[in-house]
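Below: one structure, written as structure tokens.
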Amino acid sequence: MAKHAGVLYVVATPIGNLRDISTRALDTLRRVARIAAEDTRHSKKLLSHYGIGTPMTALHEHNEAEQSAMLLKLLESGDDLALISDAGTPLISDPGYFLVHAARAAGVRVVPVPGPSACITALSASGLPSDRFVFEGFLPPRQSARRQRLEALRGESRTLVFYESPHRIVDSLDDMAGVFGADRLAVVARELSKVYETIEDGALGALADWLIQDTNQQKGEFVILVHGAPDRNRAAMDVQDLQVLQVLLQELPLKQAAALAAKITGVPKNRLYERGLEVKKSL
Ligand code: SAM
Numbered sequence: 030m031a032k033h034a035g036v037l038y039v040v041a042t043p044i045g046n047l048r049d050i051s052t053r054a055l056d057t058l059r060r061v062a063r064i065a066a067e068d069t070r071h072s073k074k075l076l077s078h079y080g081i082g083t084p085m086t087a088l089h090e091h092n093e094a095e096q097s098a099m100l101l102k103l104l105e106s107g108d109d110l111a112l113i114s115d116a117g118t119p120l121i122s123d124p125g126y127f128l129v130h131a132a133r134a135a136g137v138r139v140v141p142v143p144g145p146s147a148c149i150t151a152l153s154a155s156g157l158p159s160d161r162f163v164f165e166g167f168l169p170p171r172q173s174a175r176r177q178r179l180e181a182l183r184g185e186s187r188t189l190v191f192y193e194s195p196h197r198i199v200d201s202l203d204d205m206a207g208v209f210g211a212d213r214l215a216v217v218a219r220e221l222s223k224v225y226e227t228i229e230d231g232a233l234g235a236l237a238d239w240l241i242q243d244t245n246q247q248k249g250e251f252v253i254l255v256h257g258a259p260d261r262n263r264a265a266m267d268v269q270d271l272q273v274l275q276v277l278l279q280e281l282p283l284k285q286a287a288a289l290a291a292k293i294t295g296v297p298k299n300r301l302y303e304r305g306l307e308v309k310k311s312l
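Going by my numbering, the first residue of the sequence shown is number 30, and it counts up by one from there.
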């Protein structure tokens, strides 16, 4: 740990409702020598609302490298700094990685001051499995790259969480329905903690249609959550899979029947083989 160096506080701010900020976050923003903010004009509204006059320095994706070097010098000279973004938790699809990485590499203490993030906020109210999930952030804006990314995620069994802008919400949902299947369950969480907060669940195809029909629902900020694919390794073999195995067992030796059933159903071969042994025993 660098001697006499200041502390870098990574402070989460509201994602909509200005009251969603902790007393510790407010104390920290008041007390530090300087705040590194993604957009100083945007953050001024939050700071003015709480009567905080701490000086700010802009730290955004276009100046992150140079500004981080300058801010690191301040930290090393003993200043405590806070890092905030326009909304939610810094570094989560937001700037700050450069500074946090450089600070830790230099032995400067980095202290998180936790608070809102749209990903966790949406997940907590989505009703989708939340024990394991994958945060994917923003999908690529171009359709071919977006579909390629979705293809890579098609078999992912954990809940998928995406951020999306109003310009691409319909296209992204359409592509998700195309790649994951129109019947896959999903949730669209819009304008969380704001006046027009909407949390809509349904099949991907139906959600895309709903958005196309109601252009008001295409406005604002979005989190899309998609139910994971069935986990073929963990899920119980369903009745149809078993029927396939039984039919094949009437015509083929166990090993071949299991291999062919695996190709047809997608269930792992060894599971089908074990099940086949049980079927044979019971005959
Ligand atoms: N750092 C932020 C966080 O912790 O959630 C995310 C910043 S990212 C640049 C902005 C994206 O987050 C938006 O385009 C949207 O996908 C999502 N988002 C932020 N606020 C939201 C809100 N109130 N409701 C729904 N989505 C939101």
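We put the CB at the ideal spot given by N, CA and C, even for glycine. In this text the structure is predicted, and so the values were computed from the model without any measurement.
Self-check item: Coil, strand or helix - T188 by DSSP
Solution: Taking the first residue of the sequence shown as position 1, residue 188 is located at position 159. In this structure, T188 counts as strand in the three-state DSSP scheme.
Alpha carbon of G257 to alpha carbon of P158, nearest angstrom
The residue you call residue 257 lines up with position 228 of the sequence shown. The residue you call residue 158 lines up with position 129 of the sequence shown. So the two alpha carbons sit approximately 8 Å from each other.
- Query: Along the chain, where does the alpha helix (DSSP H) that runs through T86 open and close?
  - Reply: Sequence index remark: in the sequence shown, residue 86 carries index 57 (1-based). Unbroken run through T86 is the beta strand (DSSP E), 85–87; no alpha helix (DSSP H).
### Task
With distances taken Cα to Cα, identify the nearest neighbour of R70 among A206, Y79, A62, A87.
Within the sequence shown, residue 70 is the residue found at index 41, counting from 1. Closest by alpha carbon: A87.
| Helix, strand or coil at L168 according to DSSP, with G and I counted as helix | Here residue 168 refers to the residue found at position 139 of the sequence shown. Three-state DSSP puts L168 in coil, outside helix and strand.
Check your understanding: Taking buried to mean at least 16 other C-beta atoms within 10 Å of its own C-beta, is F162 buried or exposed?
Key -> The residue you call residue 162 lines up with position 133 of the sequence shown. Counting Cβ neighbours within 10 Å, F162 comes out buried, since at least 16 surround it.
Check your understanding: Using DSSP with H/G/I as helix, E/B as strand and the rest coil, what is R133?
Key -> In the sequence shown, residue 133 corresponds to position 104, counting from 1. Correct three-state label for R133: helix.
Requested in this report: Taking only the alpha-carbon atoms, compute the straight-line gap between Q247 and R197 and give it to the nearest angstrom.
Outcome: As a working mapping, residue 247 is identified with position 218 in the sequence shown. As a working mapping, residue 197 is identified with position 168 in the sequence shown. Distance between the alpha carbons of Q247 and R197 is about 9 Å.
### Paired residues, beta bridge with L254 - DSSP
Sequence index remark: in the sequence shown, residue 254 carries index 225 (1-based). In DSSP, L254 forms a bridge with V190, V216.
For A154, which option in L202, V308, E226 has the closest C-alpha, if you only look at C-alpha atoms? As a position in the sequence shown, residue 154 is number 125, starting the count at 1. If we check each option's Cα against that of A154, E226 comes out closest.
Indicate the three-state DSSP secondary structure (helix, strand or coil) for I8 in the structure shown. For the chain, the structure presents residues 30 to 312; residue 8 sits outside this window and is missing.
Applying the criterion that 16 or more other CB atoms from any shown protein chain within 10 Å of the CB defines a buried residue, is E67 buried or exposed? Here residue 67 is taken as the residue at index 38 of the sequence shown, counted from 1. It counts as buried.
Check: Cβ of A131 within 7 Å of Cβ of S106?
Finding: Along the sequence shown, one-based indexing puts residue 131 at 102. Along the sequence shown, one-based indexing puts residue 106 at 77. It is not a contact, given that the beta carbons lie outside the stated cut-off.
For T52, count neighbouring C-beta atoms within 10 Å of its own C-beta (all shown protein chains included) and say buried if the count is 16 or more, exposed if not. Here residue 52 refers to the residue found at position 23 when the sequence shown is read from its first residue. Per the 10 Å Cβ criterion, exposed.
Quiz item: Can you give the Cα-Cα distance for L254 and K223, rounded to whole angstroms?
Solution: Working through the sequence shown from its first residue, we reach residue 254 at position 225. Working through the sequence shown from its first residue, we reach residue 223 at position 194. Whole-angstrom Cα-Cα distance: 19 Å.
- Thinking just about the alpha-carbon of each residue, which of P195, L55, K74, S201 is nearest to the one in A211? Counting from one through the sequence shown, the residue named residue 211 turns up at place 182. The shortest Cα separation from A211 among P195, L55, K74, S201 belongs to S201.
Could you tell me the alpha carbon to alpha carbon distance between E185 and R178, rounded to whole angstroms? On the sequence shown, position 156 is the one that residue 185 refers to. On the sequence shown, position 149 is the one that residue 178 refers to. Answer to the nearest angstrom: the Cα atoms are 12 Å apart.
When DSSP labels each residue in this structure, what does L112 get in the three-state scheme? Translated into positions along the sequence shown, residue 112 becomes position 83. Looking at L112 - three-state DSSP - the assignment turns out to be strand.
Practice problem: Would you grab the beta carbon distance between L221 and I44 for me? Rounded to a whole angstrom, and I think it's under 8 Å. | Solution: Walking along the sequence shown from the start, residue 221 turns up at place 192. Walking along the sequence shown from the start, residue 44 turns up at place 15. About 6 Å separates the two Cβ atoms, so the contact holds.
Q. If you compare alpha carbons, which of G35, P282, A235, A290 is closest to V139?
A. In the sequence shown, residue 139 corresponds to position 110, counting from 1. Of the listed residues, the one whose Cα sits closest to V139 is G35.
- Query: If you draw a straight line from the C-alpha of G295 to the C-alpha of L100, how long is it?
  - Reply: By one-based count along the sequence shown, residue 295 stands at place 266. By one-based count along the sequence shown, residue 100 stands at place 71. Cα to Cα, the separation comes out at about 53 Å.
Handout entry: Backbone CA spacing between P195 and E280 [nearest angstrom]
Key = For the purposes of this step, residue 195 is taken as residue 166 along the sequence shown, with counting starting at 1. For the purposes of this step, residue 280 is taken as residue 251 along the sequence shown, with counting starting at 1. Using only the alpha carbons, I get a separation of about 55 Å.
Based on DSSP bridge pairs, tell me the residues matched to T42.
Against the sequence shown, residue 42 aligns to sequence position 13. BP columns for T42 point to G117.
- Message: Can you tell me whether Y192 sits near the ligand SAM, meaning its C-beta is under 6 Å from at least one heavy atom of the ligand?
- Response: The residue labelled residue 192 in the question sits at position 163 within the sequence shown. Result yes, Cβ under 6 Å from the ligand SAM.
Review point. Can we count S114 as close to the ligand SAM, meaning its CB is less than 6 Å from some heavy atom?
Key: Residue 114 sits at position 85 when you count from the first residue of the sequence shown. Result yes, Cβ under 6 Å from the ligand SAM.
- Query: So the beta strand (DSSP E) V142 belongs to, where does it begin and stop?
  - Reply: Position 113 of the sequence shown, counted from the start, is the residue given in the question as residue 142. That run of the beta strand (DSSP E) goes 138–142.
**Request:** Return the first residue and the last residue of the beta strand (DSSP E) that I64 is part of.
**Result:** On the sequence shown, residue 64 is found 35 positions in, with the first residue counted as 1. First-last of the beta strand (DSSP E) with I64: 63–66.
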